[in-house]
Amino acid sequence: MRNKKIFKVFLFAAAIQFIAVIDAAAQEQSLVSQYMFNMLNVNPAYAGNREVGNLNLLIRNQWVSMPGAPVFGSLSYDARKENSNVGLGVQVYSNRIGIEKTTGANGIYSYRVPFKKSYLSIGMSFGILNYQANFTQSNAFQTGDPTLQQNVNGFLPAAGFGMLYAREKWYIGLSSPSLLSTRLNAQGKADVSSAGKNSHYFLNTGYVVDASDFVKVKPSVLVKVVSGAPVQYDFNVNTWFGGVFGAGLSYRTEDAILGMLELQLTPQLRMGYAYDYSNARLVNYNRGSHEFMLRYEFGSKLEGRAASPRYY
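The opening residue of the sequence shown carries number 32 in the numbering used here; numbering runs sequentially from there.
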C-alpha cells in the first residue's frame with residue numbers, strides 16, 4: 032500500500048510539472064540522438080541506474096558544412112554501490128553554437144526507492160558553467176551597436192532535476208536538466224532566473240519487447256517542451272540481435288530522420304553511431320549530423336553486476 036501511494040505521488044507530480052512548463056521561456060538545451068543509451072544527458076535520476084560504473088563519451092557534430100553549426104561533446108561517469116540506493120555521477124561538457132560557447136561540469140546525485148519489481152529514482156544535478164559570446168566576431172547588418180563591440184565571458188551556476196520510474200522491461204521519466212537561466216547580459220553580469228524560466232522539459236518512456244531469445248526490440252518516445260516552440264517528439268525503434276549488434280530508426284518531428292548503429296565490442300565496451308538527415312528548412316544548407324558514442328562499463332564481467340535488461 033505504501034509503495035502504491037508513493038507511485039501515485041510520482042505520477043501526480045510528474046503531470047503537474049509537465050503541464051506547468053507550457054508558459055516557460057526557452058533556453059537552448061542540447062539534445063543528442065543516442066540519449067536512450069545514456070539518459071544521464073537528459074535525466075539526472077538515471078545516475079547509478081545500471082548498478083556498475085559507466086564511463087561515457089559522446090561527440091555530436093550537427094549540420095555538417097554549415098558555418099557556425101552546433102558542436103557538442105560530453106564525458107560522464109556514474110555509478111551506484113552494491114546494495115545502495117544512492118547513485119553518484121559527474122559530467123563535463125562543451126557546446127559551441129556560432130559565436131557562443133558553453134563549457135561546464137555537473138555533479139549528480141540520485142536516490143532510488145525500491146519496490147518489489149520496480150523502483151523510483153529522483154535525481155538532482157548541480158554545477159558551474161563558463162559562457163562565452165564573441166560579439167566582436169558577429170556579422171551585423173548594422174554596425175555601431177555598442178553591445179557588439181565587446182565579448183562576454185563569465186561563470187554561472189547550473190542545476191537540474193529528474194524522476195525515473197522503471198520496471199524490468201519499461202521505464203518512464205520526467206526531467207529538466209537545466210532549471211536555471213544561465214546567461215550573461217551585455218554588461219557581463221549574471222542574469223539567473225528561478226526554475227520554470229528558460230528551461231527545457233523532457234518526458235520519455237521506453238519498452239523492451241522479447242521478439243525471440245535472439246532479437247530484442249525497444250520502442251521509445253521522447254517529448255520535448257520549450258516555450259515559444261512547437262512540442263517536439265522523438266519516435267524511436269531500436270532492435271538488438273544477440274546482445275551484440277543493434278540498429279535503429281528515429282523520427283524527430285519538424286527536424287530530422289535518424290539512423291543508429293550500436294556494437295557491443297566486449298562485455299564492457301559499447302560503440303554507437305547516429306546520423307541525422309535533416310528534413311527541415313536547413314536541409315539544403317548542410318550534410319546532416321554525425322554523432323559518436325563510446326561507453327565502458329566497469330565490472331560488468333562479474334555475474335549479477337550488470338543491470339537487466341541491458342537496453343536502457
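Cβ coordinates follow ideal geometry from the N, Cα and C atoms, glycine included.
Task: Reduced DSSP category for Pro101 - H, G, I as helix; E, B as strand; rest coil - done: As a position in the sequence shown, residue 101 is number 70, starting the count at 1. In this structure, Pro101 counts as coil in the three-state DSSP scheme.
Open item on the list: So if DSSP puts Trp201 in a beta bridge, which residue, or which two residues, is it bridged to?
Closed with: Within the sequence shown, residue 201 is the residue found at index 170, counting from 1. Residue pairing from DSSP places Trp201 in a beta bridge opposite Tyr238.
Open item on the list: Taking the beta strand (DSSP E) that Lys247 belongs to, which residues open and close that run?
Closed with: Within the sequence shown, numbered from 1, the residue matching residue 247 stands at position 216. Note, Lys247: beta strand (DSSP E), Val246 to Val256.
- [ ] Examine the Cβ distances between the segment 102 to 109 and the segment 121 to 133 and report whether three or more of them are shorter than 8 Å.
- [x] They touch, by the three-pair rule.
TODO: Look at the alpha carbon of Trp201 and the alpha carbon of Leu253, and state the distance between them as a whole number of angstroms.
DONE: The residue given as residue 201 occupies position 170 in the sequence shown. The residue given as residue 253 occupies position 222 in the sequence shown. If I take the Cα positions, the gap works out to 14 Å.
Task: Val385 versus Ile139, Asn137, Arg111 and Glu131, residue with shortest Cα-Cα distance - done: Outside the displayed span of the chain (32 to 343) sits residue 385, for which this structure offers no information.
- [ ] Find the nearest neighbour of Asn310 within the set Gln295, Ser281, Ala197 and Ser206, judged by alpha-carbon distance.
- [x] Residue mapping note: residue 310 aligns to position 279 of the sequence shown, counting from 1. Nearest C-alpha to Asn310: Ser281.
- [ ] Answer yes if the segment 110 to 123 comes into contact with the segment 92 to 99, meaning at least three C-beta pairs across the two stretches below 8 Å, and no otherwise.
- [x] no
Open item on the list: Let's test the definition: count the other Cβ atoms within 10 Å of the Cβ of Arg111 and tell me whether it reaches 16, buried, or not, exposed.
Closed with: Counting from 1 along the sequence shown, the entry for residue 111 is found at position 80. The residue in question, Arg111, is buried, as its Cβ has 16 or more Cβ neighbours within 10 Å.
Open item on the list: Across the segment 267 to 281 and the segment 76 to 86, are there enough close Cβ pairs to call them in contact, namely three or more that are closer than 8 Å?
Closed with: no
Task: Residues near Pro145 by beta carbon distance below 8 Å, same chain, minus five either side - done: The sequence position of residue 145 within the sequence shown is 114, counting from 1. The answer, listed in chain order, is Asn116.
TODO: Could you check which residue in Ala305, Val275 and Ile288 has the C-alpha nearest to that of Leu294?
DONE: For this step, residue 294 is matched to residue 263 along the sequence shown. Nearest of Ala305, Val275 and Ile288 to Leu294, Cα basis: Val275.
- [ ] With a 10 Å radius around its C-beta and 16 neighbouring C-beta atoms as the bar for buried, classify Asp241 as buried or exposed.
- [x] Residue mapping note: residue 241 aligns to position 210 of the sequence shown, counting from 1. With fewer than 16 Cβ atoms within 10 Å of its Cβ, Asp241 is classed as exposed.
Task: Classification of Glu113 by the beta-carbon crowding that lies within 10 angstroms, buried from 16 upward - done: Here residue 113 is taken as the residue at index 82 of the sequence shown, counted from 1. Result: exposed.
TODO: Run through the segment 97 to 155 for me and flag every whole beta strand (DSSP E) of 3 or more residues, listed as ranges in chain order.
DONE: DSSP runs (the beta strand (DSSP E)) wholly in the segment 97 to 155: 102 to 111, 117 to 128 and 131 to 145.
Open item on the list: Can you check which of these residues, Gly99, Phe68 and Val73, is closest to Asn85 by C-alpha distance?
Closed with: In the sequence shown, the residue the question calls residue 85 occupies position 54. Answer by Cα proximity: Phe68.
Task: CB of Leu89 within 7 Å of CB of Met324, strictly - done: For the purposes of this step, residue 89 is identified with residue 58 of the sequence shown, where counting begins at 1. For the purposes of this step, residue 324 is identified with residue 293 of the sequence shown, where counting begins at 1. A contact, by the Cβ cut-off of 7 Å.
Open item on the list: Spatial neighbours of Val248 within its chain, please: C-beta separation below 6 Å, excluding the five flanking residues on both sides.
Closed with: Within the sequence shown, residue 248 is the residue found at index 217, counting from 1. Answer for Val248: Val240, Ala242 and Thr270, listed in chain order.
Task: According to DSSP, residues forming a beta bridge with Val183 - done: Mapped onto the sequence shown, residue 183 falls at position 152. Paired residue(s): Ala164.
Task: CA nearest to the CA of Gly237, picked from Phe245, Ala197, Val246 and Pro261 - done: Translated into positions along the sequence shown, residue 237 becomes position 206. The candidate whose alpha carbon is nearest that of Gly237 is Ala197.
Open item on the list: When you compare the CB positions of Pro75 and Gly154, do they come within less than 7 Å of one another, or not?
Closed with: By 1-based counting over the sequence shown, the position of residue 75 is 44. By 1-based counting over the sequence shown, the position of residue 154 is 123. Going by C-beta atoms, Pro75 is nearer than 7 Å to Gly154.
Task: Same chain, Cβ closer than 6 Å to Asn235, neighbours up to 5 away in sequence not counted - done: Here the question's residue 235 lines up with position 204 in the sequence shown. These residues qualify, in order along the chain: Gly204 and Leu253.
- [ ] Report yes if the CB atom of Asn87 is closer than 7 Å to the CB atom of Arg301, and no otherwise.
- [x] Here residue 87 refers to the residue found at position 56 of the sequence shown. Here residue 301 refers to the residue found at position 270 of the sequence shown. No, Cβ-Cβ distance for Asn87 and Arg301 is not below 7 Å.
Task: Rounded straight-line distance, which links the Cα of Leu296 to that of Ser187 - done: In the sequence shown, counting from the first residue as 1, residue 187 sits at position 156. In the sequence shown, counting from the first residue as 1, residue 296 sits at position 265. Here the sequence assigns Leu to residue 187, which means Ser is not the residue at that position. Rounded to whole angstroms, Leu187 to Leu296 spans 39 Å at the Cα level.
- [ ] Drop a sphere of 10 angstroms on the beta-carbon of Asp244, count the other beta-carbons inside from all chains shown, and report buried for 16 or more, exposed for fewer.
- [x] As a position in the sequence shown, residue 244 is number 213, starting the count at 1. Exposed, since its Cβ has fewer than 16 Cβ neighbours within 10 Å.
Task: Range of the contiguous beta strand (DSSP E) that encloses Gly303 - done: Here residue 303 refers to the residue found at position 272 when the sequence shown is read from its first residue. First-last of the beta strand (DSSP E) with Gly303: Leu300 to Ser309.
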